[in-house]
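Asker: One structure, pasted below without further comment.
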Amino acid sequence: MELLEEAPHRFRIERHGDMRVPGVVFASRALLSDAQQALGQVVNVATLPGIVGASYAMPDIHWGYGFPIGGVAATDVDDGGVVSPGGVGFDISCGVRLLAADCDRAQLASAMDAVMDGLDRAIPRGAGPGGVWRPSRAGELERVLEGGARYAVEQGHGEERDLARCEDGGAVRDADVGQVGGRARERGLGQVGSLGSANHFLEVQQVAEVYDQAAAGAFGIARGQVTVMIHCGSRGLGHQICTDHVRAMDRAMTRYGIAVPDRQLACTPVASPEGQAYLGAMAAAANYGRANRQLLTEAARRVFRRAADVRLSLVYDVSHNLAKLETHDVAGRRRRLCVHRKGATRAFPPGHPELPEDLREQGQPVLIPGTMGTASYVLAGVPGGGAFFSTCHGAGRRMSRHQAARSITGRELRARLERDGIAARPLSWRGLTEEAPEAYKDVGEVVAASESAGLCRVVARLVPLGVVKG
DNA sequence: ATGTCC
């Protein structure tokens, strides 16, 4: 793949073959050293009907289902633009929530063991069923799918202020529960308020460094402060919705005269019945993911209050796997776009009307979950925002799960974490080793490349004190 | 990511 470096940390893949737009990859040569297959996917995405601007990739690009993870693609809704489930991914609405504690590390020290043991008991995790909240009354799951974090708060699981700090106020309006199949509902019913497995986690952290005082102040975090980060998604429900709608679109595609270079790019026009069905189901999964993070927040709050008399307030909650209908300027014209972000985080700039007033001056908080035992980051949106106001979402894997599990035993890894002052509460040893820090790229490099490329600015670095995993 | 293959 020929990459033209047109600006610092910005490479261009010129149009060729069936590409409708060029590819634009924000990265360094080092970050792309192992990304040949993923770059091929950037080219494939560039062939989708209605795509505008470019097929974009963030610095943490790696190979995914159809679209690369770290991919951003916007299609013109009024010009035959398509929506593709592969452009969102299987874990619909996977995202991150950051909570700020009213204490610093020293103040928490004596209660840390009790906090970690409490979280160990209170946070359902791992593959399969189990959640803090089992919808019982008829129609309650449907209310979760329609109301997201807002419904959870209405039921007493959180405070009104939480919603102001959630993307979309905690719920998207266009959920269509009728498009969520029976199997998806069945899987979702038993997993409301659960972390899941693999790279999902709940971490107790401290703010190690603040790079932008004004933004950190507006976000409500300061150096030394304890934070809690929750990284999870829509569990089996989102997975099943993706599976169901990929199949439906794969069957319908030819009726719209659409041919794609890879079946995993199955798509239909946004305006088609299949496109609308997927977007309605996807929105329901988005709400499920937000309710999930809201309920886990309440579980963590109970533990911190009882074990340490500490309060947790919400900094922000944002997804990195979602397609959204947004209006953007394209070549001087306002256009309605379907923006797919898969392993890419929305990053609205300062002044954006959709941001709550107290965040508007600094731009949207962007939350980057790091690798276990290393660091996570808080970023902020910037003017310009190269790829429809999007930036990176995390480190990206360097080693396969199998390779990682072979490189170190669970007990060795836990001992190493504890030597570094990080308490670990894994559900399984295997799950822990698959997430060994050496299995991931350096999240600091990803974040630095994103900032240099003009996608965001770095606000703060967070380091782990304790990790709860599936 | 995922009841890690209907």
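Start counting the first sequence at 82; every next residue gets the next number (our numbering).
Where is the CB? At the ideal position from N, CA and C, for every residue including glycine.
Every value quoted in this text rests on a predicted model; they were computed, and no experiment measured them.
1. Do F45 and K423 have their C-beta atoms within less than 8 Å of each other?
2. What is the DSSP secondary structure of A181, reduced to helix, strand or coil?
3. What are the complete beta strand (DSSP E) segments, minimum 3 residues, inside the region 151–229?
4. Within the continuous alpha helix (DSSP H) that includes I322, where are the two ends?
5. Hey, how far is the Cα of Q272 from the Cα of H326?
6. So, is Q443 buried or exposed, given that buried needs 16 or more other C-beta atoms within 10 angstroms?
7. What span of residues does the alpha helix (DSSP H) with N373 cover, start to end?
8. Among A295, T308 and T349, which one has its Cα closest to the Cα of L129?
9. Using CA coordinates, which residue listed in S109, G269, R542 and P103 is at the minimum distance from G451?
10. Taking its Cβ as the centre, do 16 or more other Cβ atoms sit within 10 Å of P464, making it buried, or is it exposed?
11. Please name the residue in T514, E526, V548 and V196 whose C-alpha comes closest to that of R386.
12. Comparing alpha-carbon positions, which option in G134, K522, A380 and L180 lies nearest G467?
13. Strictly by DSSP, which residues pair up with E284?
14. In its own chain, which residues sit with a C-beta less than 7 Å from the C-beta of G305, not counting the 5 before and 5 after it?
15. In or out: T408 buried (at least 16 other Cβ within 10 Å) or exposed?
16. Give every residue of the same chain whose Cβ lies closer than 6 Å to the Cβ of R96, excluding the five residues on either side of it in the sequence, and list them in chain order.
17. Can you say whether H421 is buried or exposed, counting buried as having 16 or more other CB atoms within 10 angstroms of its CB?
18. Assuming H143 and G551 form a contact by the criterion Cβ under 8 Å, report the distance between their Cβ atoms to the nearest whole angstrom.
19. Touching or not, the region 372–387 and the region 209–222, by the rule of three or more beta carbon pairs under 8 Å?
20. Go ahead and pull the three-state DSSP assignment for D115.
21. On the DSSP bridge assignment, give the partners of I449 in chain order.
22. Pick helix, strand or coil for R254, following the three-state DSSP scheme.
23. Helix, strand or coil for R415 per DSSP?
24. What's the gap between the Cα of G237 and the Cα of E379?
25. Can you tell which of A88, L460 and L393 has the C-alpha that lies nearest to the C-alpha of A425?
26. How many Å lie between A362 and V234 at the Cα?
27. What did DSSP end up calling R392 once you bin it into helix, strand or coil?
28. With 16 other CB atoms within 10 Å as the buried threshold, where does T335 fall?
Answerer: In short:
1. Any question about residue 45 goes unanswered here, given that the chain covers just 82 to 551.
2. strand
3. 176–185
4. R316 to A333
5. 21 Å
6. buried
7. P354 to A389
8. T349
9. R542
10. exposed
11. V196
12. G134
13. M310 and V548
14. D185, R186, Q287 and V288
15. exposed
16. P103
17. buried
18. Wrong, their Cβ atoms sit about 21 Å apart, outside the cutoff.
19. yes
20. coil
21. Y458
22. coil
23. strand
24. 10 Å
25. L460
26. 22 Å
27. coil
28. exposed
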